[in-house]
Amino acid sequence: MKNTFLLLLLSGSLVTTAQQHITRAGHVHFFSSTPLEDIEAATHQMSAILDLSNGSSAGFAFQVPILSFHFEKALMEEHFNENYLESERFPRSTFEGTIENWADLPDNEEWNDVIASGTFTLHATPNSTTIQGQARKQGDSWEIRAAFDVLTADHAIKIPKLVQKQIAEQIAVTVDAQLTLR
Amino acid sequence: MQHPFRSLFFFIALFGLLSFPASSQSLLDALDSEPEVREVTATFKDTRVINMQSNETPGAGVLHFVIAHRFGRINEGAYSLWGLDNASMRMGFDYGITDRWSLGIGRSTFQKTIEASIKGKLLIQKSDNSMPVSLTYYGVTMANGLRWTDPERDNLFSSRLSYVHQLILTRKVNEKTSLAVVPSMTHRNLVSFTSQSHDQLTIGIGGRHKLTHRVSVNTEYHLPIKGLDDGTTNSLSLGVDIETGGHVFQLHVTNSQGMFERAFLTETTGRWLDGDLFFGFNLSRVFS
Numbered sequence: 015m016k017n018t019f020l021l022l023l024l025s026g027s028l029v030t031t032a033q034q035h036i037t038r039a040g041h042v043h044f045f046s047s048t049p050l051e052d053i054e055a056a057t058h059q060m061s062a063i064l065d066l067s068n069g070s071s072a073g074f075a076f077q078v079p080i081l082s083f084h085f086e087k088a089l090m091e092e093h094f095n096e097n098y099l100e101s102e103r104f105p106r107s108t109f110e111g112t113i114e115n116w117a118d119l120p121d122n123e124e125w126n127d128v129i130a131s132g133t134f135t136l137h138a139t140p141n142s143t144t145i146q147g148q149a150r151k152q153g154d155s156w157e158i159r160a161a162f163d164v165l166t167a168d169h170a171i172k173i174p175k176l177v178q179k180q181i182a183e184q185i186a187v188t189v190d191a192q193l194t195l196r
Numbered sequence: 048m049q050h051p052f053r054s055l056f057f058f059i060a061l062f063g064l065l066s067f068p069a070s071s072q073s074l075l076d077a078l079d080s081e082p083e084v085r086e087v088t089a090t091f092k093d094t095r096v097i098n099m100q101s102n103e104t105p106g107a108g109v110l111h112f113v114i115a116h117r118f119g120r121i122n123e124g125a126y127s128l129w130g131l132d133n134a135s136m137r138m139g140f141d142y143g144i145t146d147r148w149s150l151g152i153g154r155s156t157f158q159k160t161i162e163a164s165i166k167g168k169l170l171i172q173k174s175d176n177s178m179p180v181s182l183t184y185y186g187v188t189m190a191n192g193l194r195w196t197d198p199e200r201d202n203l204f205s206s207r208l209s210y211v212h213q214l215i216l217t218r219k220v221n222e223k224t225s226l227a228v229v230p231s232m233t234h235r236n237l238v239s240f241t242s243q244s245h246d247q248l249t250i251g252i253g254g255r256h257k258l259t260h261r262v263s264v265n266t267e268y269h270l271p272i273k274g275l276d277d278g279t280t281n282s283l284s285l286g287v288d289i290e291t292g293g294h295v296f297q298l299h300v301t302n303s304q305g306m307f308e309r310a311f312l313t314e315t316t317g318r319w320l321d322g323d324l325f326f327g328f329n330l331s332r333v334f335s
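If you read the protein sequences in the order shown, they are chains X and H.
Going from the first sequence to our numbering is simple: count from 1 and add 14.
Going from the second sequence to our numbering is simple: count from 1 and add 47.
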């Protein structure tokens with residue numbers, strides 16, 4: 015029996031030798047702006063992984079717990095979770111894709127443009143997308159940042175007519191994180 | 048002797064070997080973590096179920112304004128438009144001192160009563176059920192503002208006062224359904240007859256069920272336990288909550304006309320079966 019456990023351990027360790035950078039404290043901020051009202055919220059609980067074991071392209075994924083978004087007004091937060099994103103049923107937003115031009119990045123410690131293409135899932139509604147961002151090498155770790163727009167209509171987020179003038183159709187999202195070698 | 052689970056362990060180990068590379072194909076799997084334990088929010092849409100208090104309080108720095116009406120008896124018939132000709136009104140302000148504690152004042156046309164109240168969340172339900180319920184305290188002092196019936200008598204201000212203490216036990220059963228059990232102790236300084244009790248005990252039960260994100264049906268019922276006057280009936284209310292952004296509209300039918308605690312807990316006289324009912328609404332708005 016000892017042998018089988020050893021085998022189990024071994025099988026686990028084989029997989030984790032891949033070169034992966036990871037964070038569990040990435041920052042996400044979103045902003046909805048209309049002439050009537052500005053709504054914004056942020057979280058520092060985005061987890062993200064950058065997988066460089068594949069050579070030319072890099073694998074990239076992130077996951078955001080929706081309930082971790084904090085709003086200035088408690089009632090906005092309640093409505094966001096209860097009425098719009100149904101956070102109990104759909105607790106996470108995710109992105110999973112690849113950064114194709116990773117091998118072309120110059121070998122310096124400057125911000126370099128990257129494009130991640132993959133599937134962005136919000137409110138259990140997946141949507142193929144490309145995200146333009148930047149990456150910077152910092153010793154052993156990578157810093158990434160990106161700004162992109164999310165359309166509420168793409169993710170089946172229903173906004174009643176009564177508040178349509180207060181909630182933007184296009185939500186501006188910014189993401190930044192420091193991913194360390196694991 | 049061969050261990051009976053040995054082959055099972057071997058099978059699990061083999062299965063682990065096979066499945067490990069497969070699952071690691073999704074980068075997202077590497078990110079999965081234990082869900083965070085949170086405090087359960089939005090058990091009810093408003094600070095009241097219908098008449099009785101829910102567990103909700105306005106958050107820190109939030110001013111919650113309620114304007115409520117109860118119209119006349121529905122069985123007055125067409126002559127008074129089923130009660131709509133006569134309205135009794137209550138205005139209330141509740142202010143969140145902290146996220147858990149709030150202070151309130153209110154004034155009802157019913158018996159010209161002024162209230163001062165305090166409400167606080169003692170326990171908050173947790174998402175992993177390590178705390179399965181929320182427990183909230185509500186205390187209110189009410190002052191009857193009507194002129195003395197006998198001004199010649201030696202009338203004391205303390206005779207105008209009555210008090211209610213409540214423990215509000217609530218549980219958000221699931222996304223849609225929430226329940227409340229509310230034992231209340233009412234004390235009135237002055238009674239009309241010596242046979243009447245100064246202290247009265249009731250237990251309220253209530254709940255809400257969401258039909259859509261913004262609409263729910265609510266109900267509440269108060270059972271007398273001890274000390275209620277002869278001729279009073281048990282308060283039963285049915286209603287609908289409609290949420291529109293910063294407003295909550297609560298529309299209901301109830302056999303209680305008073306909107307402060309002592310009145311609906313211990314002075315309800317309407318009978319549902321006789322159509323002795325009041326249509327009413329609470330309209331709340333938050334300012335922050």
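C-beta: ideal position from N, C-alpha, C; glycine also.
In whole angstroms, what is the alpha-carbon distance linking residue i and residue j?
i, j, result
"residue 155/H", "residue 161/H", "7 angstroms"
"residue 152/X", "residue 128/X", "16 angstroms"
"residue 335/H", "residue 148/H", "16 angstroms"
"residue 112/X", "residue 178/X", "35 angstroms"
"residue 280/H", "residue 122/H", "17 angstroms"
"residue 230/H", "residue 167/X", "46 angstroms"
"residue 59/X", "residue 92/X", "19 angstroms"
"residue 282/H", "residue 320/H", "13 angstroms"
"residue 98/X", "residue 54/X", "14 angstroms"
"residue 70/H", "residue 258/H", "Bear in mind that the predicted position of residue 70/H carries a pLDDT of just 41, short of 50, making it unreliable; the figure below should be weighed with that in mind. Approximately 39 angstroms, taken between the alpha carbons."
"residue 323/H", "residue 301/H", "9 angstroms"
"residue 295/H", "residue 249/H", "27 angstroms"
"residue 128/H", "residue 327/H", "14 angstroms"
"residue 132/X", "residue 94/X", "26 angstroms"
"residue 247/H", "residue 233/H", "5 angstroms"
"residue 131/H", "residue 119/H", "6 angstroms"
"residue 78/X", "residue 151/H", "38 angstroms"
"residue 74/X", "residue 74/H", "7 angstroms"
"residue 130/X", "residue 70/X", "13 angstroms"
"residue 208/H", "residue 313/H", "15 angstroms"
For residue i versus residue j, is the C-beta distance shorter than 8 angstroms?
i, j, result
"residue 264/H", "residue 256/H", "yes"
"residue 220/H", "residue 226/H", "yes"
"residue 187/H", "residue 216/H", "no"
"residue 86/H", "residue 171/H", "yes"
"residue 156/X", "residue 35/X", "yes"
"residue 141/H", "residue 111/H", "yes"
"residue 46/X", "residue 158/X", "no"
"residue 164/H", "residue 184/H", "no"
List the residues of chain X whose Cβ lies closer than 7 angstroms to the Cβ of residue i, in chain order.
i, result
"residue 261/H", "97"
"residue 183/H", "Near residue 183/H there are no residues of chain X at all, since even the closest Cβ is about 16 angstroms away, more than 7 angstroms."
Using the beta-carbon of each residue, which ones in chain X are nearer than 9 angstroms to residue i?
i, result
"residue 109/H", "87, 88 and 89"
"residue 222/H", "96, 100, 102 and 103"
When you compare the CB of residue i with every CB in chain H, is at least one pair closer than 8 angstroms?
i, result
"residue 65/X", "yes"
"residue 77/X", "yes"
"residue 57/X", "no"
"residue 73/X", "yes"
"residue 176/X", "yes"
"residue 92/X", "yes"
"residue 61/X", "yes"
Mind listing the chain X neighbours of residue i? Cutoff is C-beta to C-beta under 8 angstroms, in chain order.
i, result
"residue 85/H", "81"
"residue 293/H", "89"
"residue 80/H", "38 and 61"
Check the Cβ-Cβ distances between residue i and every residue of chain X, and say whether any is below 8 angstroms.
i, result
"residue 179/H", "no"
"residue 205/H", "no"
"residue 331/H", "no"
"residue 167/H", "no"
"residue 155/H", "no"
"residue 214/H", "no"
"residue 131/H", "no"
"residue 149/H", "no"
"residue 217/H", "no"
"residue 335/H", "yes"
"residue 313/H", "no"
"residue 88/H", "yes"
"residue 106/H", "yes"
Report the partner residues of residue i according to the DSSP bridge assignment.
i, result
"residue 108/X", "77/X and 135/X"
"residue 329/H", "115/H and 297/H"
"residue 72/X", "113/X"
"residue 130/X", "113/X and 145/X"
"residue 192/X", "157/X"
Name the chain H residues that come within less than 8 angstroms of residue i, Cβ to Cβ?
i, result
"residue 128/X", "Those within 8 angstroms of residue 128/X in chain H number zero; the least Cβ separation is about 16 angstroms."
Please list, in chain order, the chain H residues whose beta carbon lies closer than 9 angstroms to that of residue i.
i, result
"residue 183/X", "Neighbours of residue 183/X on chain H: none; closest Cβ ~17 angstroms, over 9 angstroms."
Show which residues of chain H have a CB atom less than 7 angstroms away from the CB atom of residue i.
i, result
"residue 108/X", "75"
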